[in-house]
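Position 26 (the sequence shown) corresponds to 26 in UniProt numbering; numbering is contiguous. Comments concern the structure below.
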Amino acid sequence: TTGVRDPVTSALHIILGKRVDLDIAQLVRWRKTRSSVEEEEEACIRYAASFAGYGFYGDVVSESEKLRWMGPKRYDVAGTKVFLEHRSYEAEVDYLEVESEKPGTRGANNCRANCSVCSSGSDRTTAAAGGRKWSRSRGSFLSIGAAIISCRNEKAPDGLVAEAHLSDGFLHLLLIRDCPRPSYLWHLIQIARRGGDPLDFRFIEHHKTPVFTFKSLGGKEGVWNVDGEIFSAHQLSAQVFRGLVSLFATGP
(Lines of atoms letter the chains of each structure in order from A and count residues from 1; the text may use other names and numbers.)
(Lines give C-alpha, C1' and ligand atoms only; values in the text may rest on other atoms or scores of the structure.)
Protein backbone atom coordinates (compact mmCIF):
# COMPACT_ATOMS: atom_id res chain seq x y z
CA THR A 1 0.00 0.00 0.00
CA THR A 2 3.01 2.34 0.23
CA GLY A 3 4.23 1.51 -3.28
CA VAL A 4 7.61 0.14 -2.14
CA ARG A 5 8.89 -2.68 0.07
CA ASP A 6 10.78 -0.40 2.42
CA PRO A 7 10.45 -0.48 6.23
CA VAL A 8 11.56 3.16 6.57
CA THR A 9 8.77 4.33 4.25
CA SER A 10 6.27 2.27 6.23
CA ALA A 11 7.56 3.69 9.52
CA LEU A 12 7.19 7.26 8.22
CA HIS A 13 3.58 6.61 7.25
CA ILE A 14 2.89 5.38 10.79
CA ILE A 15 4.63 8.40 12.37
CA LEU A 16 2.73 10.82 10.13
CA GLY A 17 -0.54 9.05 10.80
CA LYS A 18 -1.33 8.47 7.13
CA ARG A 19 -4.27 6.10 6.88
CA VAL A 20 -6.32 4.50 4.14
CA ASP A 21 -9.34 2.22 4.41
CA LEU A 22 -9.46 -1.13 2.66
CA ASP A 23 -12.42 -3.23 1.52
CA ILE A 24 -12.54 -6.84 2.72
CA ALA A 25 -14.47 -9.68 1.08
CA GLN A 26 -16.12 -12.34 3.23
CA LEU A 27 -16.41 -15.80 1.64
CA VAL A 28 -18.84 -18.24 3.25
CA ARG A 29 -18.66 -21.91 2.29
CA TRP A 30 -22.07 -23.58 2.46
CA ARG A 31 -21.01 -26.95 1.05
CA LYS A 32 -17.47 -28.31 0.86
CA THR A 33 -18.13 -31.16 -1.60
CA ARG A 34 -20.95 -32.28 -3.88
CA SER A 35 -21.90 -35.07 -1.48
CA SER A 36 -22.11 -32.75 1.53
CA VAL A 37 -25.54 -32.22 3.06
CA GLU A 38 -26.03 -28.47 3.45
CA GLU A 39 -28.18 -28.75 6.58
CA GLU A 40 -25.59 -30.94 8.33
CA GLU A 41 -22.47 -28.98 7.36
CA GLU A 42 -21.38 -25.98 9.39
CA ALA A 43 -20.66 -22.84 7.35
CA CYS A 44 -16.96 -21.98 7.06
CA ILE A 45 -15.84 -18.36 6.65
CA ARG A 46 -12.70 -16.92 5.06
CA TYR A 47 -11.70 -13.32 4.35
CA ALA A 48 -9.84 -11.86 1.37
CA ALA A 49 -8.16 -8.45 1.20
CA SER A 50 -7.02 -8.59 -2.42
CA PHE A 51 -8.20 -11.55 -4.51
CA ALA A 52 -10.11 -14.82 -4.53
CA GLY A 53 -10.01 -17.10 -7.56
CA TYR A 54 -11.21 -20.50 -8.78
CA GLY A 55 -10.07 -22.69 -11.68
CA PHE A 56 -6.70 -21.58 -13.04
CA TYR A 57 -5.95 -19.47 -9.94
CA GLY A 58 -6.82 -22.27 -7.53
CA ASP A 59 -5.00 -24.92 -9.54
CA VAL A 60 -1.78 -22.86 -9.55
CA VAL A 61 -1.67 -22.47 -5.78
CA SER A 62 -2.63 -26.15 -5.33
CA GLU A 63 0.18 -27.32 -7.62
CA SER A 64 2.68 -24.93 -6.03
CA GLU A 65 2.09 -26.54 -2.62
CA LYS A 66 3.66 -29.73 -4.01
CA LEU A 67 6.78 -27.78 -5.02
CA ARG A 68 7.54 -25.79 -1.89
CA TRP A 69 11.14 -27.03 -1.96
CA MET A 70 11.68 -24.87 -5.08
CA GLY A 71 11.02 -21.60 -3.26
CA PRO A 72 9.37 -18.67 -5.13
CA LYS A 73 10.19 -20.27 -8.50
CA ARG A 74 7.50 -22.86 -7.79
CA TYR A 75 4.79 -20.41 -8.87
CA ASP A 76 6.27 -20.09 -12.38
CA VAL A 77 6.59 -23.87 -12.72
CA ALA A 78 3.10 -24.51 -11.35
CA GLY A 79 1.62 -21.78 -13.57
CA THR A 80 3.20 -23.27 -16.69
CA LYS A 81 1.98 -26.77 -15.81
CA VAL A 82 -1.59 -25.61 -15.15
CA PHE A 83 -1.63 -23.51 -18.32
CA LEU A 84 -0.58 -26.48 -20.45
CA GLU A 85 -3.23 -28.71 -18.85
CA HIS A 86 -5.87 -26.10 -19.77
CA ARG A 87 -8.54 -27.41 -17.38
CA SER A 88 -12.02 -25.91 -17.38
CA TYR A 89 -14.77 -26.28 -14.77
CA GLU A 90 -18.54 -26.27 -14.99
CA ALA A 91 -20.04 -23.70 -12.62
CA GLU A 92 -22.96 -21.38 -11.97
CA VAL A 93 -22.37 -17.84 -10.72
CA ASP A 94 -25.08 -15.42 -9.57
CA TYR A 95 -24.14 -11.78 -8.97
CA LEU A 96 -25.92 -8.59 -7.98
CA GLU A 97 -25.80 -6.30 -10.98
CA VAL A 98 -25.70 -2.58 -10.07
CA GLU A 99 -26.83 -0.49 -13.02
CA SER A 100 -24.97 2.67 -11.93
CA GLU A 101 -21.70 0.79 -11.36
CA LYS A 102 -20.88 -0.73 -14.73
CA PRO A 103 -17.13 -1.33 -15.26
CA GLY A 104 -15.78 1.93 -16.68
CA THR A 105 -13.31 2.95 -19.34
CA ARG A 106 -9.78 1.84 -18.53
CA GLY A 107 -7.80 4.63 -16.85
CA ALA A 108 -10.79 6.98 -16.62
CA ASN A 109 -11.09 6.95 -12.83
CA ASN A 110 -8.28 4.85 -11.40
CA CYS A 111 -7.64 4.81 -7.67
CA ARG A 112 -4.97 7.25 -6.49
CA ALA A 113 -3.77 8.82 -3.25
CA ASN A 114 -6.57 10.92 -1.71
CA CYS A 115 -9.03 9.19 -4.06
CA SER A 116 -12.41 10.95 -4.15
CA VAL A 117 -14.25 7.65 -4.66
CA CYS A 118 -12.67 5.90 -1.68
CA SER A 119 -12.90 8.94 0.61
CA SER A 120 -16.59 9.51 -0.15
CA GLY A 121 -18.64 9.04 3.00
CA SER A 122 -21.70 7.75 1.16
CA ASP A 123 -22.32 4.02 0.80
CA ARG A 124 -22.62 3.63 -2.95
CA THR A 125 -23.86 0.06 -2.69
CA THR A 126 -26.87 1.24 -0.68
CA ALA A 127 -27.38 4.38 -2.77
CA ALA A 128 -27.64 2.25 -5.91
CA ALA A 129 -30.26 -0.08 -4.41
CA GLY A 130 -32.93 1.07 -6.85
CA GLY A 131 -31.04 -0.12 -9.92
CA ARG A 132 -29.98 -3.58 -8.76
CA LYS A 133 -30.96 -7.00 -10.03
CA TRP A 134 -29.60 -10.54 -9.82
CA SER A 135 -28.00 -11.99 -12.94
CA ARG A 136 -26.63 -15.47 -13.66
CA SER A 137 -23.74 -16.85 -15.70
CA ARG A 138 -23.49 -20.58 -16.22
CA GLY A 139 -21.08 -22.64 -18.28
CA SER A 140 -17.54 -23.95 -18.58
CA PHE A 141 -14.94 -21.60 -17.08
CA LEU A 142 -11.15 -21.64 -17.17
CA SER A 143 -11.16 -19.32 -14.18
CA ILE A 144 -13.44 -17.30 -11.94
CA GLY A 145 -11.86 -14.38 -10.13
CA ALA A 146 -12.95 -11.76 -7.61
CA ALA A 147 -10.55 -8.80 -7.41
CA ILE A 148 -11.17 -6.54 -4.41
CA ILE A 149 -8.26 -4.25 -5.37
CA SER A 150 -6.25 -3.83 -8.58
CA CYS A 151 -3.68 -6.48 -7.47
CA ARG A 152 -0.66 -4.65 -8.90
CA ASN A 153 2.66 -6.46 -8.42
CA GLU A 154 6.01 -7.07 -10.10
CA LYS A 155 4.50 -9.45 -12.66
CA ALA A 156 1.36 -7.38 -13.26
CA PRO A 157 2.44 -3.69 -13.31
CA ASP A 158 -1.12 -2.39 -13.82
CA GLY A 159 -2.76 -5.19 -11.88
CA LEU A 160 -5.50 -7.54 -12.94
CA VAL A 161 -8.16 -4.81 -12.81
CA ALA A 162 -6.56 -1.38 -13.17
CA GLU A 163 -9.78 0.49 -12.32
CA ALA A 164 -10.40 -1.26 -8.98
CA HIS A 165 -10.55 0.95 -5.87
CA LEU A 166 -9.29 0.29 -2.36
CA SER A 167 -12.52 1.23 -0.62
CA ASP A 168 -15.59 1.64 -2.84
CA GLY A 169 -17.61 -1.32 -1.55
CA PHE A 170 -17.36 -3.36 -4.76
CA LEU A 171 -15.34 -6.25 -6.13
CA HIS A 172 -14.62 -7.02 -9.78
CA LEU A 173 -16.00 -10.40 -10.80
CA LEU A 174 -14.04 -11.90 -13.73
CA LEU A 175 -15.59 -14.89 -15.49
CA ILE A 176 -13.22 -16.38 -18.07
CA ARG A 177 -15.01 -18.92 -20.22
CA ASP A 178 -13.35 -21.89 -21.90
CA CYS A 179 -11.40 -20.69 -24.93
CA PRO A 180 -8.48 -21.82 -27.14
CA ARG A 181 -5.14 -22.03 -25.33
CA PRO A 182 -3.52 -19.25 -27.46
CA SER A 183 -6.35 -16.86 -26.55
CA TYR A 184 -5.87 -17.50 -22.84
CA LEU A 185 -2.11 -17.05 -23.25
CA TRP A 186 -2.70 -13.64 -24.83
CA HIS A 187 -4.88 -12.71 -21.86
CA LEU A 188 -2.03 -13.65 -19.48
CA ILE A 189 0.48 -11.69 -21.57
CA GLN A 190 -1.73 -8.60 -21.34
CA ILE A 191 -1.68 -8.89 -17.54
CA ALA A 192 2.13 -8.87 -17.57
CA ARG A 193 2.35 -5.83 -19.88
CA ARG A 194 2.26 -2.25 -18.63
CA GLY A 195 -0.63 -0.58 -20.42
CA GLY A 196 -2.12 -3.92 -21.48
CA ASP A 197 -5.85 -4.65 -21.36
CA PRO A 198 -6.32 -8.21 -20.05
CA LEU A 199 -10.12 -7.98 -19.90
CA ASP A 200 -10.84 -6.90 -23.48
CA PHE A 201 -11.76 -10.35 -24.82
CA ARG A 202 -15.05 -11.87 -25.92
CA PHE A 203 -14.60 -14.87 -23.63
CA ILE A 204 -14.25 -12.69 -20.51
CA GLU A 205 -17.16 -11.31 -18.50
CA HIS A 206 -16.35 -8.39 -16.18
CA HIS A 207 -18.93 -7.39 -13.57
CA LYS A 208 -18.64 -4.86 -10.75
CA THR A 209 -20.69 -6.14 -7.83
CA PRO A 210 -20.90 -6.09 -4.02
CA VAL A 211 -21.94 -9.76 -3.74
CA PHE A 212 -22.00 -13.02 -5.70
CA THR A 213 -22.69 -16.72 -5.19
CA PHE A 214 -20.90 -19.72 -6.70
CA LYS A 215 -21.87 -23.33 -7.23
CA SER A 216 -19.75 -26.03 -8.86
CA LEU A 217 -21.43 -28.17 -11.52
CA GLY A 218 -20.26 -31.19 -13.51
CA GLY A 219 -17.98 -34.01 -12.41
CA LYS A 220 -14.65 -32.39 -11.53
CA GLU A 221 -14.17 -29.70 -8.92
CA GLY A 222 -11.33 -27.28 -8.32
CA VAL A 223 -10.30 -25.28 -5.25
CA TRP A 224 -10.37 -21.58 -4.43
CA ASN A 225 -7.27 -19.44 -4.01
CA VAL A 226 -8.10 -16.95 -1.24
CA ASP A 227 -5.19 -14.52 -0.95
CA GLY A 228 -2.80 -17.39 -1.64
CA GLU A 229 -4.47 -19.94 0.65
CA ILE A 230 -6.35 -23.03 -0.57
CA PHE A 231 -10.08 -23.09 0.20
CA SER A 232 -12.23 -26.04 -0.92
CA ALA A 233 -15.85 -25.11 -1.64
CA HIS A 234 -18.56 -26.71 -3.76
CA GLN A 235 -20.92 -23.85 -2.97
CA LEU A 236 -20.12 -20.43 -1.51
CA SER A 237 -21.20 -16.81 -1.31
CA ALA A 238 -19.01 -13.69 -1.24
CA GLN A 239 -19.78 -10.19 0.00
CA VAL A 240 -17.71 -7.01 0.23
CA PHE A 241 -17.55 -4.93 3.42
CA ARG A 242 -16.52 -1.38 2.65
CA GLY A 243 -13.49 0.05 4.47
CA LEU A 244 -13.45 -2.75 7.05
CA VAL A 245 -9.68 -2.46 7.68
CA SER A 246 -7.60 0.69 8.14
CA LEU A 247 -3.93 0.67 7.05
CA PHE A 248 -1.03 3.08 7.45
CA ALA A 249 -0.63 4.34 3.87
CA THR A 250 -1.57 7.21 1.54
CA GLY A 251 -3.03 5.23 -1.36
CA PRO A 252 -2.52 2.33 -3.76
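Positions of the beta carbon are idealized from the N, C-alpha and C atoms, including for glycine.
>> Applying the 10 Å Cβ sphere with the 16-neighbour rule, what's the burial state of Ser-167?
In response: As a first step, residue 167 is located in the sequence shown; it is residue number 167 there, counting from the start. Residue burial annotation: Ser-167 is buried, with at least 16 other C-beta atoms found within 10 angstroms of its C-beta.
> Leaving out the 5 sequence neighbours to the left and right, which residues in its chain are closer than 6 Å to Asn-225 when beta-carbon positions are compared?
Replying inline: By 1-based counting over the sequence shown, the position of residue 225 is 225. So the qualifying residues of the chain are Gly-53, Tyr-57, Gly-58, Val-61.
>> Suppose only complete runs of 4+ residues qualify. What are the alpha helix (DSSP H) ranges in the segment 162-193, listed by chain order?
In response: Runs of alpha helix (DSSP H) with 4 or more residues, each lying fully within the segment 162-193, are found at 181-192, listed in chain order.
> Leaving out the 5 sequence neighbours to the left and right, which residues in its chain are closer than 6 Å to Asp-21 when beta-carbon positions are compared?
Replying inline: If you number the sequence shown from 1, residue 21 lands on position 21. Residues Ser-167, Gly-243, Ser-246 of the same chain have their beta carbon placed closer than 6 Å to that of Asp-21, with the five preceding and five following residues left out of the count.
>> Give the list of continuous beta strand (DSSP E) stretches no shorter than 3 residues that lie fully inside the segment 35-119.
In response: Listed in chain order, the beta strand (DSSP E) runs fully inside the segment 35-119 are 44-48, 51-55, 89-98, counting runs of at least 3 residues.
> Mind checking Arg-5: buried by the 16 CB within 10 Å criterion, or exposed?
Replying inline: As a working note, residue 5 is residue 5 in the sequence shown. Result: exposed.
> Do the segment 212-219 and the segment 189-196 meet, that is, are 3 or more Cβ pairs less than 8 Å apart?
Replying inline: Not touching, per the Cβ criterion.
> Rounded to a whole number of angstroms, what is the C-alpha to C-alpha distance between Arg-202 and Ile-191?
Replying inline: By one-based count along the sequence shown, residue 202 stands at place 202. By one-based count along the sequence shown, residue 191 stands at place 191. Using only the alpha carbons, I get a separation of about 16 Å.
> Applying the criterion that 16 or more other CB atoms from any shown protein chain within 10 Å of the CB defines a buried residue, is Val-8 buried or exposed?
Replying inline: Reading the sequence shown from its first residue, position 8 is the one you call residue 8. Around the C-beta of Val-8, fewer than 16 other C-beta atoms lie within 10 Å, and the residue is accordingly described as exposed.
>> Quick check on the DSSP output: what are the complete beta strand (DSSP E) runs of length 3 or more inside the segment 128-157, in order along the chain?
In response: Complete beta strand (DSSP E) runs here, min 3: 132-147.
> Where does Thr-9 sit, in a helix, a strand or coil, going by DSSP?
Replying inline: Position 9 of the sequence shown holds residue 9. In this structure, Thr-9 counts as helix in the three-state DSSP scheme.
> Asp-23: buried (16+ other C-beta within 10 angstroms of its C-beta) or exposed?
Replying inline: In the sequence shown, counting from the first residue as 1, residue 23 sits at position 23. Asp-23 comes out buried.
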